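S.K.: First to last, the sequence lines map onto chains A and U.
Residue numbers for the first sequence follow our numbering, beginning at 373 and rising by one.
Residue numbers for the second sequence follow our numbering, beginning at 373 and rising by one.
Number of protein chains: 2
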Amino acid sequence: MHEVADMHKLTAIMSENEHLAGHNREYFDEVGLWTVNLMSAPGAGKTRLLESLLSAWPELRCSVVEGDMVGELDAIRLRKLGTEVFQISTGRSCHLDALMMGRLLDRESFSGKEMLFIENVGNLVCPAEFWLGEHKKVVLLSVTEGDDKPIKYPVIFRNCDAVVFTKSDLLPYVDFDIRKATEHIGILNPRAKTFSVSARNGNGIDQFKTYLKEELESYRSERGL
Amino acid sequence: MHEVADMHKLTAIMSENEHLAGHNREYFDEVGLWTVNLMSAPGAGKTRLLESLLSAWPELRCSVVEGDMVGELDAIRLRKLGTEVFQISTGRSCHLDALMMGRLLDRESFSGKEMLFIENVGNLVCPAEFWLGEHKKVVLLSVTEGDDKPIKYPVIFRNCDAVVFTKSDLLPYVDFDIRKATEHIGILNPRAKTFSVSARNGNGIDQFKTYLKEELESYRSERGL
């Protein structure tokens with residue numbers, strides 16, 4: 373393979389993505405839409421966390437963008453809560469990129485909304501490299517995946533604002549040391565907040581909601597909204 | 373982004389990969405090394421399955437290739453069993469490719485070995501597209517990830533020989549319908565075998581071992597080994 377050429381091509385793709393993501397960010401700030409990109413391995417519970425969070429936060433005026441290779445399974449689940457959901461089908465692509473997001477922003481309106489959740493394709497590697505214009509990046513790590521994941525997939529943990537340990541109700545049945553995982557994250561990314569939640573029994577959902585609520589309020593007050 | 377150009381570039385990368393994988397396959401067949409590529413989302417238990425399998429199969433003469441972005445955590449675990457492990461560090465790349473594998477084959481010898489396990493980078497999307505020259509592809513799906521994963525990540529399930537449902541000891545605590553997951557896989561890929569295992573309590577390990585053993589014997593007898 374022509375690696376040097378590939379590397380130049382990749383660098384060009386990444387810098388084009390950054391450029392387009394910058395435009396998306398301008399749009400978000402123009403309409404006052406605080407945007408959070410949710411990333412995780414497949415099956416870590418991004419949709420389930422959104423279901424719990426949005427049920428516990430009925431006054432939030434938000435939309436959700438669902439990124440999936442195919443289908444609308446997660447969108448259907450969230451629409452049942454009355455949430456406005458936009459689907460992006462990535463086909464064979466393993467992550468959302470700023471172009472896909474920009475096209476959605478071109479054709480949809482978010483009037484009356486204050487917040488946008490983006491549920492990325494389930495993948496602990498590639499989404500880390502593609503900024504979509506969002507204000508915050510949140511990574512979910514299911515306790516069933518093992519506490520070694522921050523060490524093994526450092527890019528995504530280094531480059532996020534918060535990590536949510538999900539499925540904490542399963543802690544008694546798996547070998548997952550939250551203290552160790554938190555330490556590993558702290559070494560990679562000292563500014564990352566960490567949360568531990570179970571969407572099944574509701575534990576920790578309020579703390580994560582409070583974090584998002586305070587960040588949203590601070591975004592809005594900075595902009596005089 | 374220059375999508376048409378990107379698509380041509382991608383097609384060129386894929387066909388170059390197929391070409392190199394073909395050379396790897398020639399090498400495997402030349403030295404009589406039956407090769408299995410293990411793929412899954414992060415934390416589905418690929419290393420844990422290998423630990424159980426190799427402990428239950430001490431007479432197997434095998435090596436393992438570990439694909440990780442960084443570090444040697446899994447390699448260290450498997451070396452404790454006395455297994456010969458070769459590490460490939462992919463850096464920022466989200467999958468092994470045939471070039472990385474070919475370079476390893478150039479510099480290492482597998483003399484005296486009959487089988488090679490390749491543990492791919494944890495990712496349910498990209499590894500599906502990069503043949504490494506292996507004879508069989510096995511996908512692991514942890515029951516904690518949800519039975520909707522075959523529908524949501526169809527490429528990898530369509531393009532494999534066997535699916536192993538892992539962490540079956542956690543079935544009482546999660547909503548995972550093995551019958552439903554098996555049906556979805558059957559629709560995508562009727563020839564795929566399915567197995568259900570728990571590396572924790574040992575359930576199902578013997579059935580999976582028997583499958584591999586029979587396939588290995590059939591490979592060897594076809595080649596008069």
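Just so it is clear, CB atoms sit at the ideal spot from N, CA and C, and this is done for glycine as well.
Just so we're clear, the structure is a prediction, and the values are computed from it rather than from any experiment.
1. Can you tell me where the beta strand (DSSP E) holding U:S461 begins and where it ends?
2. Between the alpha carbons of U:V493 and A:T582, how many angstroms are there, rounded?
3. CB-CB under 8 Å to A:E589, same chain, minus the five flanking residues each way: which ones, in chain order?
4. Could you please tell me which residues of the segment 408-424 of chain A, in chain order, have their CB closer than 7 Å to any CB of chain U?
5. Do you know how far the Cα of A:P414 is from the Cα of U:F396?
6. Does any residue of chain U have a CB that is nearer than 8 Å to the CB of A:C498?
7. According to DSSP, what are the bridge partners of U:F489?
8. In this structure, how does DSSP classify U:K452 when only helix, strand and coil are distinguished?
9. Kindly list, in the order they appear in chain U, the residues whose Cβ is closer than 7 Å to that of A:I523.
10. Listing by chain order, which chain A residues have their CB less than 8 Å from the CB of U:V493?
11. According to DSSP, which residues form a beta bridge with A:A553?
12. Would you decide whether U:A571 is buried or exposed? Buried here means 16 or more other CB atoms lie within 10 Å of its CB.
13. Alpha helix (DSSP H) containing U:F537: first to last residue?
14. Straight-line CA distance for U:W429 to A:L426?
15. Could you check what DSSP says for U:V372 in three-state terms: helix, strand or coil?
16. Closer than 8 Å, Cβ to any Cβ of chain U: which residues of the segment 516-546 of chain A, in chain order?
17. On a Cα-Cα basis, can you pick out the residue from A:I460, A:L542 and A:F489 that is closest to A:T479?
18. Whose C-beta lies closer than 8 Å to the C-beta of A:E423 among residues of the same chain, with five residues either side of it excluded?
19. Strictly by DSSP, which residues pair up with A:K509?
20. Taking 8 Å as the CB-CB cut-off, is A:R464 touching chain U?
21. Any idea if A:P562 is buried or exposed, counting beta-carbon neighbours within 10 angstroms, 16 or more meaning buried?
22. Quick one: residues in its chain with C-beta nearer than 8 Å to the C-beta of A:H374, no 5 flanking neighbours on either side, listed in chain order?
23. From the DSSP output, read off the bridge partner residues of A:S514.
24. Determine the contact status of A:L542 and U:L542, defining contact as a CB-CB distance below 8 Å.
25. Mind listing the chain U neighbours of A:D440? Cutoff is C-beta to C-beta under 8 Å, in chain order.
26. With a CB to CB cut of under 7 Å and the five nearest residues on each side skipped, what residues in its chain are close to U:F502?
27. Measure the CB-CB distance between U:F537 and U:I550 and report whether it falls below 8 Å.
28. Assuming A:F458 and A:V437 make a contact with CB atoms under 8 Å, what is their CB distance in whole Å?
29. I'd like to know whether the C-beta atoms of A:N409 and A:L496 end up nearer to each other than 8 Å.
30. Looking at the structure shown, is U:L597 part of a helix, part of a strand, or coil, going by DSSP?
31. Under 7 Å Cβ-Cβ, which residues of chain U neighbour A:S461?
32. Below 7 Å between beta carbons is the criterion; list the residues of the segment 564-590 of chain U that meet it against any residue of chain A, in chain order.
33. If you reduce the DSSP assignment to three classes, tell me which class A:L468 lands in.
34. Indicate whether at least one CB of chain U lies closer than 8 Å to the CB of A:S435.
35. Are A:S412 and A:L513 closer than 8 Å when you measure CB to CB?
36. Would you mind sorting A:P526 into buried or exposed? The rule is 16 or more other CB atoms within 10 Å of its CB.
M.R.: Taking the coordinates as given:
1. E456 to S461
2. 35 Å
3. Excluding the 5 residues flanking it on each side, A:E589 has no same chain C-beta neighbour closer than 8 Å.
4. A413, P414 and G415
5. It is worth fixing the name first, because residue 396 of chain U is Asn in this sequence and not Phe. In a straight line, the C-alpha of U:N396 is about 30 Å away from that of A:P414.
6. yes
7. U:V408 and U:V436
8. coil
9. G443 and L445
10. Ordered by position in chain A, the residues that pass the 8 Å Cβ test against U:V493 are V497.
11. According to DSSP, which records beta bridges pairwise, A:A553 is partnered with nothing at all.
12. By the 10 Å Cβ count, U:A571 comes out buried.
13. Not the alpha helix (DSSP H): U:F537 falls in the beta strand (DSSP E), residues A534 to T538.
14. 49 Å
15. With chain U covering 373 to 597 only, the question about residue 372 of chain U has no answer from this structure.
16. Contacts with chain U (Cβ-Cβ distance below 8 Å) from the segment 516-546 of chain A involve T516, E517, G518, D520, K521, I523, K524, Y525, P526, V527, K539, D541, L542, Y545 and V546, listed in chain order.
17. Per the sequence shown, residue 479 of chain A should be read as Arg rather than Thr. When only C-alpha atoms are compared, the closest one is A:I460.
18. Within the same chain, A:E423 has close Cβ partners R449, L450, L453 and A571.
19. A:N409
20. Closer than 8 Å to some Cβ of chain U, the Cβ of A:R464 qualifies, so yes.
21. exposed
22. For A:H374, the predicted structure reports a pLDDT of 45, less than 50, and the residue's modelled location is therefore unreliable. A value from the coordinates is still provided. Excluding residues within five positions, none has a Cβ falling inside 8 Å.
23. DSSP, once it has assigned bridges, lists A:T538 as partnering A:S514.
24. Between A:L542 and U:L542, the C-beta spacing is below 8 Å.
25. K524
26. These residues qualify, in order along the chain: N389, H467, L468, D469 and A470.
27. yes
28. 5 Å
29. no
30. coil
31. Here the premise fails: no neighbours, minimum Cβ distance about 11 Å.
32. none
33. A:L468: coil per DSSP, three-state reduction.
34. no
35. yes
36. buried
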